[in-house]
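J.:
In our numbering, the protein residues as written are 139 to 720.
Right, dumping it as structure tokens:
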């Protein structure tokens with residue numbers, strides 16, 4: 139069997155204009171322009187033109203006609219040639235140029251090899267089929283993903299967070315929500331969502347204004363397993379030359395290429411869309427005249443088979459010439475195409491984690507609380523209240539109590555340490571004893587909530603647990619204060635030299651008291667040698683004086699306002715009164 143070589147370059151086309159399609163006359167070489175179809179997007183209109191420049195001859199034989207039989211496009215697209223009124227037949231001897239427009243709205247993403255079937259007539263052969271495949275890619279919908287679809291309330295924070303969603307496109311037919319946390323919804327206004335684990339969660343939203351579902355049936359391939367009674371009994375010196383034709387309601391829509399000089403089984407891979415409302419028949423042939431074997435007469439018809447949308451294995455054709463038949467397998471795939479959304483939006487929920495829980499230690503030697511510095515912000519607390527100035531990973535302790543620290547990350551998420559009790563015994567504190575105006579001993583710098591114990595000459599005085607005590611006996615008085623954390627503070631000794639009877643016999647008055655610029659000190663003791671001291675509350679002598687005739691006027695004009703002590707002594711006995719300077 140002779141083989142004919144043809145140099146054809148073809149491809150499908152797109153774009154519909156007022157004159158169906160536009161020819162690019164700047165192209166002069168035989169071929170298709172462009173040679174790769176533009177990328178399309180699901181749900182978006184597609185429209186483009188393709189120009190083809192046809193060859194005039196091959197191997198010395200002129201081409202007399204080209205017929206574009208079919209263009210197997212992805213679902214949603216259709217094609218139309220610029221010579222549609224003449225059945226898409228082109229005579230290259232009249233004009234080498236033609237064009238095809240491909241338009242529509244792609245419905246399914248994928249990478250496609252588009253089959254273009256062309257029947258060519260030469261001066262020696264007619265109806266010779268050529269099948270060209272052109273690459274085309276349909277991408278998923280690229281509808282703007284700016285958040286026109288929804289609004290989020292509370293979309294960032296420290297885990298766990300609850301996010302509310304507001305639909306910006308109410309009233310459409312259908313919605314699809316994927317919240318990124320494993321939950322989905324089809325509600326127009328979905329329930330709030332809880333996000334527990336730290337991370338970024340992409341929320342995907344789709345809104346639909348139609349719910350049309352399309353069932354797509356594609357004839358994807360055929361195998362001719364065997365053929366019988368071909369060649370009309372004439373001895374054949376060649377193997378079979380098989381091809382087939384697909385008809386839709388009786389009209390040819392696809393003519394396969396001829397697989398020459400090869401006996402069945404022979405196979406073809408196709409991608410032909412089938413309309414379930416129409417009837418399709420497969421017609422199998424063994425080529426003679428159409429393959430150049432003119433001496434063998436017309437092509438042998440092997441019969442036909444009505445296509446089933448479920449495909450078929452081992453099906454037989456019928457109605458062939460002189461009892462000829464073929465056994466075939468073919469496949470038809472079914473795919474459900476859901477509607478495309480009119481709004482697609484994405485946004486991100488940000489859920490933040492927490493710093494590690496701070497571990498606090500206390501150095502009792504340096505009296506410093508410390509937590510490892512992990513690069514976070516820190517805030518120390520004392521007895522439940524923040525210490526405003528203490529914001530490092532260390533805190534010096536100046537007061538016993540309950541402490542903890544809070545670590546804060548850059549998102550404002552906080553972790554609390556366990557509480558720790560830090561005991562601080564103040565080395566600078568010593569209780570101070572003074573003699574009051576009523577001849578009692580008083581702790582001048584007592585502390586609140588400290589337990590008190592008075593001692594005389596080193597022995598505890600039973601029941602003496604207040605901040606004052608009446609010194610009924612002479613001797614060395616001390617006082618011990620103990621706080622709730624076990625810190626013990628003991629005063630220096632305060633010596634008392636006069637008994638209670640002497641004190642009761644020796645009295646003096648101070649008036650006016652309180653005083654402003656001066657006061658009078660007066661005693662009933664008119665003896666000579668009475669001496670006095672003006673002292674501050676710590677016992678420091680400010681002024682010494684002598685009482686003449688039992689009285690003395692004390693000048694207070696240069697003294698600060700406050701509390702003072704006035705001590706009067708006859709050399710043996712002492713008496714102290716309290717003075718207030720206004």
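Where a beta carbon is used, it is the ideal one built from N, C-alpha and C, also for glycine.
So which of 720, 239, 307, 212 has the shortest CA-CA distance to residue 185?
T.: Per the Cα distances, 239.
J.: Of all the beta strand (DSSP E) runs that stay within the bounds of the region 293 to 338, which reach a length of 3 or more residues?
T.: List check, beta strand (DSSP E) in window: 294 to 296, 299 to 305, 312 to 316, 331 to 333.
J.: Whose C-beta lies closer than 6 Å to the C-beta of residue 275 among residues of the same chain, with five residues either side of it excluded?
T.: Within the same chain, residue 275 has close Cβ partners 177, 249.
J.: Straight-line CA distance for residue 179 to residue 163?
T.: Cα to Cα, residue 179 sits roughly 29 Å from residue 163.
J.: Fully enclosed by the region 492 to 527, which alpha helix (DSSP H) runs are 4 residues long or longer?
T.: Counting only runs of 4 or more, we get nothing.
J.: Evaluate residue 495 with the Cβ neighbour count: other Cβ atoms within 10 Å of its Cβ, from every protein chain shown; 16 or more gives buried, anything less gives exposed.
T.: Under this definition residue 495 is an exposed residue.
J.: Consult DSSP for residue 224 and reduce its assignment to one of helix, strand or coil.
T.: Residue 224: helix per DSSP, three-state reduction.
J.: What is the C-beta distance between residue 201 and residue 230, in whole angstroms, given that I count them as a contact (C-beta under 8 Å)?
T.: The pair is a contact, with the Cβ atoms about 5 Å apart (cut-off 8 Å).
J.: Determine the contact status of residue 466 and residue 361, defining contact as a CB-CB distance below 8 Å.
T.: Against a cut-off of 8 Å, the Cβ pair of residue 361 and residue 466 comes out as a contact.
J.: Cβ of residue 646 within 8 Å of Cβ of residue 691?
T.: Cβ atoms of residue 646 and residue 691: not closer than 8 Å.
J.: Quick check on this structure: which residue in 167, 235, 420 has the alpha carbon closest to the alpha carbon of residue 386?
T.: Per the Cα distances, 420.
J.: Looking only at its chain, what residues have a beta carbon closer than 6 Å to the beta carbon of residue 183, apart from the 5 residues adjacent to it on each side?
T.: If we look at residue 183 and ignore the five residues flanking it on each side, its Cβ neighbours are 243.
J.: Which residue spans inside the region 188 to 213 form an unbroken beta strand (DSSP E) run of at least 3?
T.: Listed in chain order, they are 199 to 210.
J.: Within 10 Å of its beta-carbon, does residue 652 have 16 or more other beta-carbons around it, so buried, or fewer, so exposed?
T.: Classification of residue 652: exposed, given that the 10 Å Cβ count is below 16.
J.: With distance defined between alpha-carbon atoms, name the residue in 689, 711, 719 nearest to residue 675.
T.: Nearest option by C-alpha distance: 719.
J.: On the DSSP letters alone, give me the boundaries of the beta strand (DSSP E) that residue 594 sits inside.
T.: Segment 589 to 594, the beta strand (DSSP E) holding residue 594.
J.: Are the beta-carbon atoms belonging to residue 422 and residue 449 less than 8 Å from one another?
T.: No, Cβ-Cβ distance for residue 422 and residue 449 is not below 8 Å.
J.: Please classify residue 441: does DSSP put it in a helix, a strand, or coil?
T.: Here residue 441 sits in strand by DSSP.
J.: Quick check for students: name the residue ranges of the beta strand (DSSP E) that lie wholly in the region 592 to 628, counting only runs of 3 or more.
T.: The region 592 to 628 contains these whole beta strand (DSSP E) runs: 606 to 608, 613 to 620, 626 to 628.
J.: Shortest alpha-carbon distance to residue 533 belongs to which of 703, 549, 516?
T.: That would be 516, whose Cα lies nearest to the Cα of residue 533.
J.: Just to confirm my understanding: we take residue 537, look at its own chain, exclude 5 residues before and 5 after, and list those with CB closer than 8 Å. What are they?
T.: Contacts found: 520, 562.
J.: Is there contact here, the region 319 to 337 with the region 286 to 301, by at least three beta-carbon pairs under 8 Å?
T.: Yes: at least three Cβ pairs fall under 8 Å.
J.: Regarding residue 668 and the ligand NAP, is the C-beta to nearest heavy atom distance less than 7 Å?
T.: Inclusion of the ligand NAP in the displayed structure is not the case, the ligand content being empty and no account of it being possible.
J.: Using three-state DSSP, classify residue 578 as helix, strand or coil.
T.: Strand.
J.: Taking contact to mean at least 3 C-beta pairs separated by less than 8 Å, is the region 284 to 291 in contact with the region 254 to 272?
T.: Not touching, per the Cβ criterion.
J.: In the structure shown, what three-state DSSP assignment does residue 701 receive?
T.: Residue 701 falls in the strand class under three-state DSSP.
J.: Do you know whose CA, among 669, 693, 702, lies nearest residue 686's CA?
T.: Residue 686 has its Cα closest to that of 669, out of 669, 693, 702.
J.: Going by Cα to Cα distance, which pick from 351, 688, 199, 220 is closest to residue 160?
T.: Answer by Cα proximity: 220.
J.: Going straight from the alpha carbon of residue 444 to that of residue 212, what length do you get?
T.: Their backbone Cα atoms lie some 24 Å apart in a straight line.
J.: Out of 542, 426, 708, 446, point me to the one whose CA is closest to residue 671's CA.
T.: Cα-wise, what sits closest to residue 671 is 708.
J.: Please give me, in chain order, every unbroken run of the beta strand (DSSP E) with length at least 3 that falls completely inside the region 441 to 485.
T.: Qualifying beta strand (DSSP E) stretches, in chain order: 450 to 454, 463 to 475.
J.: Between which residues of its own chain and residue 451 is the CB-CB distance below 8 Å, once the five residues before and five after are set aside?
T.: So the qualifying residues of the chain are 467.
J.: Between residue 581 and residue 498, is the Cβ-Cβ spacing less than 8 Å?
T.: Contact flag unset, no.
J.: How should residue 392 be labelled, buried or exposed, when 16 other C-beta atoms within 10 angstroms of its C-beta is the threshold for buried?
T.: Classification of residue 392: buried, given that the 10 Å Cβ count is 16 or more.
J.: In whole angstroms, what is the alpha-carbon distance linking residue 629 and residue 697?
T.: If you take the alpha carbons of residue 629 and residue 697, they lie about 29 Å apart.
J.: Let me check one thing: in DSSP terms, what residues is residue 112 bridge-paired to?
T.: Lying outside 139 to 720, the shown extent of the chain, residue 112 is not represented and no answer is given.
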